[in-house]
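Residue numbers (my numbering): 576 to 965. The next block holds one structure in the form of structure tokens; read it before the comments.
Right under this line is the structure:
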């Protein structure tokens, strides 16, 4: 597959979609439930462009590594001795053995990775440095058998990998190819934030349904009464506030933290814009990263699809390092509030997965307040090689 490029045939201004919006169709049921669509997605989306795989803090020092599953392909990202990021398939060049276990794991080696099958050993640059029982008289050149490399990059502290067989497009081009982008929030200095909590959810739903649920709030008055009590706009099923910067949402008067009460003991992030201290910002980075920015915390969702009807969702909570080091550090009000919202969402998206998998469902409909979902579907269509509907 060739690396994905923006499609000049189609643009849609979601924020400016007016009252002349006409109902648009959703994706078809088979797009959420069929094994055939899933196989096409693996090639055209997950293995053909940049995908978020974690945080740079997981590989801060030489020899540290993170292992991730990208739609069934196990890869690893590590830090070489010169400080550069390196990415490889988790596959030995000898006879294809997966040499690192723990499919979502992290770890550290001193100087090299050793295959557990025949002990072939690779340095942090992926070069084969030891091949036991291969004799010198065999004219075997180790330099011809490195680990199979993949492109890796980093932005705002997030790690990205690209499995395309061709030359990948620049990471920044991919990050800015959409309605929303994490590059709009550099003022939060996300690269300086550190993790304090992690929750892993196993969700019996297609990854696209998880994305669509995140990007709309028609369900909020019914599913999230606690959330609409903190973000008033959500009472009306809307997620876009045309009067705020970066499409943020104002919290209730006096709120300064994303908790049930709207307050916490956490210190605020420094050097933000004045209105940021009363705002919630959510941004989706295609295909698998959501960031949720608060005056005092960052929460992320990392989606790891495991098939047409299962998604592992890793939720992590980030704070300033000095905040975490403080003796009175207490992130639990933020963590508990988001965990409540997350579990409410997972219950309803699993119901949605059951419904779209029914032979009685062909496709649904998007009213105006679902216009962000329609943009996502259009982007998905183009990445899949389909014509946009317009």
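Each residue gets a CB set at the ideal place from its N, CA and C atoms; glycine is no exception. No experiment lies behind these values; they were computed from the predicted model shown.
Three-state class that DSSP yields for residue i in the structure shown
| i | result |
| --- | --- |
| residue 757 | helix |
| residue 747 | helix |
| residue 586 | Any reading at residue 586 needs caution, since the residue's pLDDT is 49, under 50, leaving its predicted position unreliable; the model's value is listed next. Note: residue 586 maps to coil in three-state DSSP. |
| residue 606 | helix |
| residue 635 | coil |
| residue 796 | helix |
| residue 617 | helix |
| residue 652 | strand |
| residue 974 | A question about residue 974 goes unanswered here, because the residues of the chain that appear run from 576 up to 965. |
| residue 734 | strand |
| residue 673 | coil |
| residue 777 | strand |
| residue 739 | coil |
| residue 788 | helix |
| residue 830 | coil |
| residue 824 | strand |
| residue 666 | coil |
| residue 697 | strand |
| residue 659 | coil |
| residue 600 | strand |
| residue 922 | helix |
Cutoff 8 Å; reference residue i; Cβ partners in own chain excluding five residues on either side
| i | result |
| --- | --- |
| residue 940 | 598, 599, 600, 601 |
| residue 843 | 831, 852, 870, 871 |
| residue 708 | 693 |
| residue 608 | 781, 883, 884, 928, 931, 932 |
| residue 809 | 792, 795, 796, 799, 802, 803, 824 |
| residue 680 | 641, 642 |
| residue 813 | 792, 944 |
| residue 751 | 758 |
Same chain only: Cβ atoms within 6 Å of residue i, ignoring 5 sequence neighbours per side
| i | result |
| --- | --- |
| residue 851 | none |
| residue 617 | 646 |
| residue 720 | 668, 703 |
| residue 874 | 867, 892, 913 |
| residue 683 | 638, 639 |
Counted within 10 angstroms of its Cβ, other Cβ atoms place residue i as buried (16 or more) or exposed
| i | result |
| --- | --- |
| residue 651 | buried |
| residue 865 | buried |
| residue 890 | buried |
| residue 775 | exposed |
| residue 610 | exposed |
| residue 886 | buried |
| residue 839 | buried |
| residue 920 | buried |
| residue 896 | exposed |
| residue 811 | exposed |
| residue 946 | buried |
| residue 749 | buried |
| residue 728 | buried |
| residue 740 | exposed |
| residue 736 | buried |
Cβ-based neighbour list, residue i, same chain, cut-off 7 Å, excluding 5 preceding and 5 following
| i | result |
| --- | --- |
| residue 827 | 805, 807, 837 |
| residue 961 | none |
| residue 899 | 769, 771 |
| residue 685 | 638 |
| residue 595 | none |
| residue 724 | 662, 663, 701 |
| residue 904 | 898 |
| residue 711 | none |
| residue 786 | 859, 951 |
Residue i versus the options, residue with shortest Cα-Cα distance
| i | options | result |
| --- | --- | --- |
| residue 636 | 629, 616, 660 | 660 |
| residue 672 | 649, 686, 865, 655 | 649 |
| residue 654 | 811, 809, 668, 630 | 630 |
| residue 738 | 877, 935, 625 | 625 |
| residue 914 | 835, 688, 928 | 835 |
| residue 606 | 957, 932, 676 | 932 |
| residue 800 | 687, 924, 680, 912 | 912 |
| residue 777 | 884, 627, 908 | 884 |
| residue 867 | 847, 879, 881, 892 | 892 |
| residue 633 | 613, 794, 926, 734 | 734 |
| residue 622 | 879, 929, 924 | 879 |
| residue 767 | 745, 950, 730 | 730 |
| residue 726 | 716, 715, 732, 744 | 744 |
| residue 825 | 882, 802, 928, 666 | 802 |
| residue 845 | 936, 894, 675 | 894 |
| residue 658 | 627, 789, 699, 930 | 699 |
| residue 882 | 627, 859, 644 | 644 |
| residue 764 | 732, 856, 748 | 732 |
| residue 760 | 676, 847, 620, 604 | 847 |
| residue 756 | 829, 863, 687, 656 | 863 |
| residue 926 | 788, 841, 959, 908 | 788 |
| residue 856 | 822, 841, 888, 849 | 822 |
Problem - beta strand (DSSP E) runs contained entirely in the stretch 702–728, provided each spans 3 or more residues - result: Listed in chain order, the complete beta strand (DSSP E) runs (minimum 3 residues) inside the stretch 702–728 are 703–705.
Handout entry: Complete beta strand (DSSP E) runs within the stretch 924–948 (minimum length 3 residues, chain order)
Key = Whole beta strand (DSSP E) segments, 3+ residues: 938–941.
Handout entry: Complete runs of the beta strand (DSSP E) confined to the stretch 842–908 [at least 3 residues]
Key = As far as the stretch 842–908 is concerned, its whole beta strand (DSSP E) runs of at least 3 residues are 854–860, 864–868, 873–882, 885–894.
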